[in-house]
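Residue numbering for the sequence shown follows my numbering, starting at 8 and increasing by one per position.
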Amino acid sequence: MKFSIIAFLSLAGSIVALPTAPLEARDNPSLAPITLVDGPSHSDNVTCKRGSYAASYSGEDVYEAVQYAIALMQNGETRGKAKYPHSLHGNSTEHPLNFPESCPADKSRYEYPLEKGSYYNGGPKNQTTGNERVVFYHKDDEIDTQNHPKAYFCGLITSGGKKNGEFRNC
8 MKFSIIAFLS LAGSIVALPT APLEARDNPS LAPITLVDGP SHSDNVTCKR
58 GSYAASYSGE DVYEAVQYAI ALMQNGETRG KAKYPHSLHG NSTEHPLNFP
108 ESCPADKSRY EYPLEKGSYY NGGPKNQTTG NERVVFYHKD DEIDTQNHPK
158 AYFCGLITSG GKKNGEFRNC
């Protein structure tokens, strides 16, 4: 009987010592086409400036960020410490954010981090994001004539490298 208890405790100790997967190692959701109303063309460049800070993204970077965010939403998933995509329905800064009428300030207006040449997937240790976010408006049941999810491009916002996280429109 002593052998079986010792064997059990030995096995239990080895299970605890197994390596775990890093936080950023996640499967990507399936990316289906979306319709991004009023978004930049895939070949356009969009620049965010704040003082001497400037960052440029392609229209394709913007599209892919919204496409990825909607795929996450459809799967009930988020990425990163701030759990993106998340709703951006208020203006709590001293510099109000301005968006078109197609992007009302309700729970269906979202933000998602922008990446150049890819899309944000949590970053190292599931925390790192860049300075820019794409803002879009999307209701779960809204689709286009081809049955693709439909979203409205609201614009880009940037913290412009400021550590206080205060965002302004690009």
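Just so it is clear, CB atoms sit at the ideal spot from N, CA and C, and this is done for glycine as well.
Taking the beta carbon of residue i as the centre, do at least 16 other beta carbons fall within 10 Å, making it buried, or is it exposed?
i: L104; result: buried
i: P92; result: buried
i: L121; result: buried
i: L79; result: buried
i: L38; result: exposed
i: Q74; result: buried
i: T152; result: exposed
i: E118; result: buried
i: G124; result: exposed
Can you grab the Cα-Cα spacing for the pair residue i / residue j, in whole Å?
i: S63; j: K88; result: 24 Å
i: A158; j: H102; result: 25 Å
i: R140; j: Y127; result: 10 Å
i: E84; j: G129; result: 11 Å
i: G167; j: S59; result: 9 Å
i: C161; j: I150; result: 17 Å
i: P111; j: H96; result: 8 Å
i: V53; j: S109; result: 20 Å
i: C55; j: D34; result: 30 Å
Would you please state the rounded distance, in angstroms, between the beta carbons of residue i and residue j? I believe it to be under 8 Å.
i: I164; j: N176; result: 6 Å
Taking residue i as the reference, which of the options has the closest Cα?
i: I41; options: V69, G58, N138 and R57; result: V69
i: K114; options: K90, E71, Y144 and T135; result: Y144
i: T136; options: D148, R86 and G46; result: R86
Name, in chain order, the residues that DSSP records as bridge partners for residue i.
i: A158; result: L43
i: I150; result: P156
i: Y119; result: V141
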